[in-house]
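Shown next, in structure tokens, is the structure this report addresses.
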Amino acid sequence: MENTVGLRFRPTDEEMVEHYLRPKNHDSDTSHVDRVISTVNICSFDPWDLPSESRMKSKDQVWYFFGRKENRYNRGDRQMRKTKSGFWKKTGKTMDILKRTSGNRQKIGEKRVLVFHSGGSKTDWVMHEYHDTSLSPNQMMTYTICKVKFNGEERDISTSSSSFSAASEIEHINNSG
Numbered sequence: 022m023e024n025t026v027g028l029r030f031r032p033t034d035e036e037m038v039e040h041y042l043r044p045k046n047h048d049s050d051t052s053h054v055d056r057v058i059s060t061v062n063i064c065s066f067d068p069w070d071l072p073s074e075s076r077m078k079s080k081d082q083v084w085y086f087f088g089r090k091e092n093r094y095n096r097g098d099r100q101m102r103k104t105k106s107g108f109w110k111k112t113g114k115t116m117d118i119l120k121r122t123s124g125n126r127q128k129i130g131e132k133r134v135l136v137f138h139s140g141g142s143k144t145d146w147v148m149h150e151y152h153d154t155s156l157s158p159n160q161m162m163t164y165t166i167c168k169v170k171f172n173g174e175e176r177d178i179s180t181s182s183s184s185f186s187a188a189s190e191i192e193h194i195n196n197s198g
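Here it is in structure tokens:
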């Protein structure tokens with residue numbers, strides 16, 4: 022699949038929840054979805070390190086991952102979003118993902134948009150985080166799908182880590198003087 026010219030993995034939001042996320046959360050055999058999307062702890066990686074963890078190599082600068090929802094505190098729904106070099110910050114409203122069935126629309130999931138911040142600044146890294154709303158609230162370790170995108174120039178992906186650490190260093194110097 023990786024070498025097939027013109028073939029791209031671009032599921033809709035509905036397909037993402039219905040055909041990938043829901044089976045990962047509900048089915049005992051997940052081999053069909055695990056072949057396509059790898060499972061990682063998103064916050065164990067800075068975004069520029071994630072492309073090498075993807076099962077599918079992308080020239081579109083978009084990568085997909087399963088991750089487990091990790092709450093920041095024992096009580097509440099606030100999630101951990103901090104990495105070594107920065108943090109993911111939610112932007113905008115949570116969007117409903119609707120399934121169209123025989124003229125009706127049924128909510129099957131939610132999508133949150135997050136932007137990665139490093140050195141006190143927004144970066145070109147964006148994550149769409151998909152949640153399956155058919156799960157009960159007390160199901161602790163449920164999976165999400167994270168669609169990670171780099172909106173900058175392709176040549177800047179590998180250099181983003183060094184430029185952000187330099188920006189962090191400059192900010193540290195400015196704040197300590």
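Residue numbers in the sequence shown follow our numbering, run continuously in steps of one, and reach 198 at the last position.
C-beta atoms are modelled at their ideal positions from N, C-alpha and C, and glycine is treated no differently.
Remember, predicted model here, so these are calculated numbers, not experimental data.
By the Cβ-count criterion, SER65 is exposed, with fewer than 16 other Cβ atoms from all chains shown falling within 10 Å of its own Cβ.
Taking the Cα of LYS132 as reference, the smallest distance to any Cα among SER79, LYS45, LYS111 is reached at LYS111.
In its chain, beyond the 5 residues on either side, ASP153, LEU156, THR163, TYR164 have a beta carbon closer than 7 angstroms to the beta carbon of ASN46.
Here the region 64 to 81 does not lie against the region 116 to 126, with fewer than 3 beta-carbon pairs under 8 angstroms apart. In summary, ASP34 is buried, with 16 or more beta-carbon neighbours lying within 10 Å of its beta-carbon over all protein chains present.
The C-alpha of ILE58 lies about 21 angstroms from the C-alpha of PHE137.
If you draw a straight line from the Cα of LEU42 to the Cα of LYS128, it is about 14 angstroms long. Between the alpha carbons of VAL147 and GLY173 lies a distance of about 10 angstroms.
Contact between PHE30 and THR60 fails: their C-beta atoms lie close to 16 angstroms from each other, not under 8 angstroms. Buried is the label assigned to ARG102, since at least 16 other Cβ atoms lie within 10 Å of its Cβ.
Of the candidates ARG89, LYS168, GLU175, the residue whose Cα lies closest to the Cα of MET37 is LYS168.
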